[in-house]
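In the numbering used here, the protein residues as written are 28 to 157.
Using N, Cα and C, we set each Cβ at its ideal position, and we do this for glycine too.
A short write-up of the structure that comes next.
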């Protein structure tokens with residue numbers, strides 16, 4: 028029996044990790060305080076109190092994640108959410124779809140488990156007869 032996991036197997040067991048961007052998840056779930064300074068300019072305070080200056084128009088942020096990767100960080104995304112400029116409807120649809128996929132996967136795993144339990148009983152029955 029192989030112990031390696033294919034990418035498809037990993038995707039099947041953890042689809043939400045791939046369907047929903049990590050920075051979107053963090054922007055929504057972490058305790059961030061957002062203060063508007065002017066049009067498109069925000070101060071975002073992280074959970075530990077660190078302050079970052081965000082421009083959602085450019086976009087830019089003073090955090091290390093943005094400076095290193097030059098990609099929209101959680102601070103930019105959260106400021107956009109607060110400004111009403113993040114597509115929450117699309118994100119909500121993705122979450123709903125992913126929940127459905129997980130539910131289907133759980134049902135499939137339960138059916139496979141039930142089949143294996145029946146097989147285990149059959150094996151035990153033959154082992155008892157031997």
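Residue i - DSSP class collapsed to helix/strand/coil
i	result
residue 151	helix
residue 62	strand
residue 108	helix
residue 73	coil
Among the options, the one whose alpha carbon lies nearest that of residue i
i	options	result
residue 63	95, 57 and 71	71
residue 113	120, 119, 104 and 121	104
residue 111	152, 83, 156 and 153	83
C-beta contact flag for residue i and residue j at 9 Å
i	j	result
residue 60	residue 68	no
residue 101	residue 58	no
residue 86	residue 99	yes
residue 55	residue 108	yes
Straight-line gap, residue i to residue j (C-alpha atoms, nearest Å)
i	j	result
residue 133	residue 123	15 Å
residue 75	residue 116	29 Å
residue 79	residue 73	8 Å
residue 130	residue 66	42 Å
* Could you tell me which uninterrupted alpha helix (DSSP H) segments, each at least 4 residues in length, are contained entirely in the segment 110-156, listed from first to last along the chain? => 115-156
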